[in-house]
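Undergrad:
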Amino acid sequence: MNIVVCVKQVPEPSGTNRINPTTLRIIREGVDLVLDPADEYSIEAALQIAEANPGTTITLVSMGPDKAQEAIRRGLAMGADKAVLISDPALAGSDALTTAKVLAAAIKRENPDLVLCATESSDAYTGMVPGGIAQHLKLPLLSYAKKLTIVGGKAQIERQTETGFQRVEASLPALVTVTGSINTPRYPALKGIMQAKKKPLDVVNVAALGFSPDQVGEKGAKEKVLGWQPAEQRKAGTVIKDDGTAAAQIADFLAQLKVI
Amino acid sequence: MTKVWVFAQINAGQVQRVSLELLTKARQLGDVTAVALGPGAGEQAGILAQHGASRVLVHEDQAYADCLSEPAADTLGALIEKEAPDLLLIGSTYDGRDIAARLNARLDCGVITDGAEFALEGGDLKVQVPWYSATTVVTVTLSGPTKLVLVKPKSFAAEPLENAPAPQIEQISLAIADTARRAVVVENVVQKSEGPKLEEAAVIVSGGRGLKQPENFSLLNDLAGQVNGAVGATRAVVDAGWVPYGMQVGQTGKTVKPNVYIACGISGAIQHTVGMKGAKYIVAINTDPDAPIFKFADLGVVGDVLKIVPALTEEIKRRKG
Ligand SMILES: Cc1cc2nc3c(=O)[nH]c(=O)nc-3n(C[C@H](O)[C@H](O)[C@H](O)COP(=O)(O)OP(=O)(O)OC[C@H]3O[C@@H](n4cnc5c(N)ncnc54)[C@H](O)[C@@H]3O)c2cc1C
Ligand SMILES: Nc1ncnc2c1ncn2[C@@H]1O[C@H](COP(=O)(O)O)[C@@H](O)[C@H]1O
Numbered sequence: 001m002n003i004v005v006c007v008k009q010v011p012e013p014s015g016t017n018r019i020n021p022t023t024l025r026i027i028r029e030g031v032d033l034v035l036d037p038a039d040e041y042s043i044e045a046a047l048q049i050a051e052a053n054p055g056t057t058i059t060l061v062s063m064g065p066d067k068a069q070e071a072i073r074r075g076l077a078m079g080a081d082k083a084v085l086i087s088d089p090a091l092a093g094s095d096a097l098t099t100a101k102v103l104a105a106a107i108k109r110e111n112p113d114l115v116l117c118a119t120e121s122s123d124a125y126t127g128m129v130p131g132g133i134a135q136h137l138k139l140p141l142l143s144y145a146k147k148l149t150i151v152g153g154k155a156q157i158e159r160q161t162e163t164g165f166q167r168v169e170a171s172l173p174a175l176v177t178v179t180g181s182i183n184t185p186r187y188p189a190l191k192g193i194m195q196a197k198k199k200p201l202d203v204v205n206v207a208a209l210g211f212s213p214d215q216v217g218e219k220g221a222k223e224k225v226l227g228w229q230p231a232e233q234r235k236a237g238t239v240i241k242d243d244g245t246a247a248a249q250i251a252d253f254l255a256q257l258k259v260i
Numbered sequence: 261m262t263k264v265w266v267f268a269q270i271n272a273g274q275v276q277r278v279s280l281e282l283l284t285k286a287r288q289l290g291d292v293t294a295v296a297l298g299p300g301a302g303e304q305a306g307i308l309a310q311h312g313a314s315r316v317l318v319h320e321d322q323a324y325a326d327c328l329s330e331p332a333a334d335t336l337g338a339l340i341e342k343e344a345p346d347l348l349l350i351g352s353t354y355d356g357r358d359i360a361a362r363l364n365a366r367l368d369c370g371v372i373t374d375g376a377e378f379a380l381e382g383g384d385l386k387v388q389v390p391w392y393s394a395t396t397v398v399t400v401t402l403s404g405p406t407k408l409v410l411v412k413p414k415s416f417a418a419e420p421l422e423n424a425p426a427p428q429i430e431q432i433s434l435a436i437a438d439t440a441r442r443a444v445v446v447e448n449v450v451q452k453s454e455g456p457k458l459e460e461a462a463v464i465v466s467g468g469r470g471l472k473q474p475e476n477f478s479l480l481n482d483l484a485g486q487v488n489g490a491v492g493a494t495r496a497v498v499d500a501g502w503v504p505y506g507m508q509v510g511q512t513g514k515t516v517k518p519n520v521y522i523a524c525g526i527s528g529a530i531q532h533t534v535g536m537k538g539a540k541y542i543v544a545i546n547t548d549p550d551a552p553i554f555k556f557a558d559l560g561v562v563g564d565v566l567k568i569v570p571a572l573t574e575e576i577k578r579r580k581g
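For the record, the sequence lines run as chains C and D.
Start counting the first sequence at 1; every next residue gets the next number (the working numbering).
Start counting the second sequence at 261; every next residue gets the next number (the working numbering).
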């Protein structure tokens, strides 16, 4: 089986993400950059499928600057076989629409049976890229999977819903987006890290995928940021230290609000 | 007149509340068409009109309920290609997001996710989008002819009109292709929880990793039971499998706006607080005096949830007599 996992390098999600006030883009310089933790779940899901289906190839596909290779190496260290990075100065400022188009073109060359994405990235979190890829590649979309099984040429998932979950299935090839409750991603072992250095990592530009530079990046974007302002924040109230009367004090507060 | 369309999401024959919220907003922006797809859609035309739709497009095919995203995206896509509305609003539910993602690619239109407030002037759209867990608000626009905006539930109130005229109802005569029926819903499992729903509860008791063990969530259930509240959770404990995902509050979970939110053993990461800071009052219990949640709790208690919560439950019982 051929599996493609879409992965992305993002600013460390627990850090403070900021907007550059002039370019109005996420600041990616001078911050720690990591493989999106959300992507580790999809890589782990792919590895588990590969373990059950010998002969499977896992290809990581990413769009990002050259330095995104570091994040990709981590995915290779976890156990993916090879990777493609689409890197091109023309891609700066791409919106979800363009990202999906470009990724779809790169994924198509791998002829996958299964494409895995996270439900949303930790920096942009539009969640619009996977569905866009599915539309471009004419694939069924199995989204928000908290469980994924491949059996008899089908992908079967448990899909999170507002009120519980749905069992949904589709014949392969298909695109599946996975949530953080699907598995516990493994840590790359030292051996994996050593091997990852020698695994193929192909860097391509947009021309290689059949795009001209003005179709992508800021020029191709339909979405434009006009400005920004800090959001209103709530103010701190009273903080007390529990001296054995905290329960009574909370009860007083709730009584004051007529909750009890 | 500006043509504003709202995708009326029908679930088990019922229009979802977020669609009524969007209709209420849409009627301030222009002439409103609701697109209602799925079994039972026609019967919802009345309530859609009440909330502002002057025209309702209906297609009652079972495929909309049985298959994910493609049937709805295909139909909406074909209708938009034909009629080119200025704006399409979709509720940011799981289904809504999947459909929007497909439409974005099909129409090559661009999409704004999580629109919080918007204005449409002479075809120019300006949308306020809370960014990075709502620490920043960015103003965003789209350049295509039809603008696609996803809006989170609870962003606007749903308000019926006093005397809404009867809507113009049109049956859609499009066939759904077999190739669109690929992601098949085999079973719907509803995980029922007791008490009020998280989105509707006036009081929410919510737990995080500070509860130490999944069993301790029963302490929150007991407290919620005393105040007719619902129980919520952080992603940390949902991912750990302690409680189902339906209880998750935050950026990737639910947005709640209760009267009181009682945060128990929750650090207050922005991805969590973005989902609950619309609460009127916030009470937080945490052993760490430096926990970020204390920066905006109305009443913060530095202490052990495992002691304070059961004591609070007892205290309330005692006061109730
Ligand atoms: C892209 C992205 C999306 C996310 N989406 C969400 C989301 O939708 N919702 C969400 O909740 N999170 C989300 N997160 C995760 C979020 O960043 C935090 O990791 C998570 O909210 C932390 O959960 P917690 O407060 O339960 O755990 P912790 O941060 O571990 O906090 C536990 C707290 O309990 C306190 N504590 C320990 N023992 C006790 C005790 N005995 N009594 C009282 N207090 C005690 C500790 O002092 C600590 O403050 C997201 C993260 C990312 C990167
Ligand atoms: N630049 C990118 N490179 C590779 N995959 C991406 C990229 N952007 C988005 N994705 C994939 O799409 C998912 C959702 O991203 P988003 O739509 O940005 O929230 C991510 O978790 C990835 O799996």
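Don't be surprised by glycine CBs; every beta carbon is placed ideally from N, CA and C.
Just so it is clear, the structure is predicted and the values come from calculations on it, not from any experiment.
Could you list the residues in the region 278 to 296 of chain D with a C-beta less than 8 Å from some C-beta on chain C, going in chain order?
TA: From the region 278 to 296 of chain D, no residue has a Cβ closer than 8 Å to chain C.
Undergrad: Which two residues bound the contiguous beta strand (DSSP E) that contains L317 of chain D?
TA: Looking at the DSSP string, the run of the beta strand (DSSP E) that includes L317 of chain D is R315 to H319.
Undergrad: Run through DSSP, which three-state label would S171 of chain C get?
TA: Residue state, collapsed to three classes: strand.
Undergrad: Just how far apart, CA to CA, sit G132 of chain C and D358 of chain D?
TA: Straight-line Cα distance between these residues: approximately 9 Å.
Undergrad: Near ligand 1, which residues have their beta-carbon less than 5 Å from any of its heavy atoms, given in chain order?
TA: Cβ atoms closer than 5 Å to ligand 1 belong to C:P13, C:S122, D:G468, D:R469, D:G470, D:T494, D:R495, D:A496, D:G510, D:Q511, D:T512, D:G513, D:G525, D:I526, D:S527, D:A529, D:Q531, D:H532, D:N546, D:T547, D:D548, D:A551, D:D564 and D:V565.
Undergrad: Please confirm whether G356 of chain D and G404 of chain D have their CB atoms less than 7 Å apart.
TA: No. Outside cutoff.
Undergrad: Within 10 angstroms of its Cβ, does P230 of chain C collect 16 or more other Cβ (buried), or is it exposed?
TA: With fewer than 16 other Cβ atoms within 10 Å, it is exposed.
Undergrad: Got a sec: is the Cβ-Cβ distance from Y324 of chain D to anything in chain C below 7 Å?
TA: It does not: the Cβ of Y324 of chain D has no partner Cβ on chain C nearer than 7 Å.
Undergrad: Let's test the definition: count the other Cβ atoms within 10 Å of the Cβ of E330 of chain D and tell me whether it reaches 16, buried, or not, exposed.
TA: Buried, by the Cβ-count rule.
Undergrad: The beta strand (DSSP E) with A118 of chain C in it runs from where to where?
TA: Start and end: L114 to A118.
Undergrad: What distance in whole Å lies between the Cβ atoms of A365 of chain D and A100 of chain C, which are believed to be in contact at a cut-off of 8 Å?
TA: Correct: roughly 6 Å between the Cβ atoms.
Undergrad: Below 7 Å CB to CB, which residues in the same chain sit around G210 of chain C once its five sequence neighbours on both sides are set aside?
TA: Closer than 7 Å at Cβ, skipping near neighbours: A105.
Undergrad: Against Q511 of chain D, what residues of chain C qualify as contacts under a CB-to-CB distance less than 8 Å, listed in chain order?
TA: The answer, in chain order, is Y125.
Undergrad: Hey, G510 of chain D and Q531 of chain D are a contact pair by Cβ (cut 8 Å); roughly how many whole angstroms apart?
TA: With 8 Å as the limit, G510 of chain D and Q531 of chain D qualify as a contact, their Cβ atoms being about 5 Å apart.
Undergrad: Cβ closer than 7 Å: which chain C residues qualify as neighbours of I372 of chain D?
TA: Ordered by position in chain C, the residues that pass the 7 Å Cβ test against I372 of chain D are E223.
Undergrad: Got a sec: is the Cβ-Cβ distance from G164 of chain C to anything in chain D below 7 Å?
TA: Interface residue, yes.
Undergrad: If you drop the 5 nearest sequence neighbours on each side, which residues of the same chain put their C-beta closer than 6 Å to that of P549 of chain D?
TA: Taken in chain order, the residues that qualify are V562.
Undergrad: Count Cβ pairs between the region 67 to 82 of chain C and the region 192 to 212 of chain C that sit closer than 8 Å; are there 3 or more?
TA: Enough Cβ pairs lie closer than 8 Å, so yes.
Undergrad: Please indicate yes or no: does the CB of V318 of chain D lie closer than 6 Å to some heavy atom of ligand 2?
TA: No; taking the cut-off as 6 Å, the Cβ of V318 of chain D has no heavy atom of ligand 2 nearer than that.
Undergrad: Can you tell me whether S171 of chain C is buried or exposed? The criterion is at least 16 other CB atoms within 10 Å of its CB, across all chains shown.
TA: The residue is exposed, with fewer than 16 neighbouring Cβ atoms inside 10 Å.
Undergrad: Enumerate in chain order the residues of its own chain whose CB-to-CB distance from Q304 of chain D is below 7 Å, with the five nearest sequence positions on each side excluded.
TA: Excluding residues within five positions, the ones whose Cβ falls inside 7 Å are A268, I270, V275 and A296.
Undergrad: Using the beta-carbon of each residue, which ones in chain D are nearer than 8 Å to I240 of chain C?
TA: Those within 8 Å of I240 of chain C in chain D are L559, G560, V561 and V562.
Undergrad: Quick one: what does DSSP say E290 of chain C is sitting in, helix, strand or coil?
TA: As shown, chain C starts at 1 and ends at 260. That puts residue 290 of chain C outside it, with no answer to give.
Undergrad: Once the 5 residues before and after L367 of chain D are set aside, which same chain residues still bring their CB inside 8 Å of it?
TA: Around L367 of chain D: G337, I340, E341, G404, T406 and L408.
Undergrad: Can you pull the chain D neighbours of R167 of chain C, defined as C-beta to C-beta under 9 Å?
TA: Residues of chain D passing the Cβ test: V445, V446, E447, N448 and V449.
Undergrad: Mapping DSSP to helix, strand and coil, what is Y41 of chain C?
TA: Residue state, collapsed to three classes: helix.
Undergrad: Going by the CB atoms, is the gap between F416 of chain D and T284 of chain D shorter than 7 Å?
TA: Yes, Cβ-Cβ distance for T284 of chain D and F416 of chain D is below 7 Å.
Undergrad: Are the C-beta of F554 of chain D and some C-beta of chain C separated by less than 7 Å?
TA: By this cut-off, F554 of chain D is an interface position.
Undergrad: Would you verify that the beta carbon of V204 of chain C is, or is not, closer than 7 Å to some beta carbon of chain D?
TA: Not closer than 7 Å to any Cβ of chain D, the Cβ of V204 of chain C fails to qualify, so no.
Undergrad: If we cut at 7 Å on Cβ distances, does Y521 of chain D have a partner in chain C?
TA: No, Y521 of chain D lies away from the interface with chain C (no Cβ there is under 7 Å from its Cβ).
Undergrad: Can you give me the C-alpha to C-alpha distance between V316 of chain D and I350 of chain D, rounded to a whole angstrom?
TA: If you take the alpha carbons of V316 of chain D and I350 of chain D, they lie about 15 Å apart.
Undergrad: At a threshold of 6 Å, does G131 of chain C count as lining ligand 2 (C-beta to nearest heavy atom)?
TA: Checking the Cβ of G131 of chain C against ligand 2 gives no.
Undergrad: Which residues bound the beta strand (DSSP E) around A344 of chain D?
TA: First-last for A344 of chain D: undefined, no H or E at that position.
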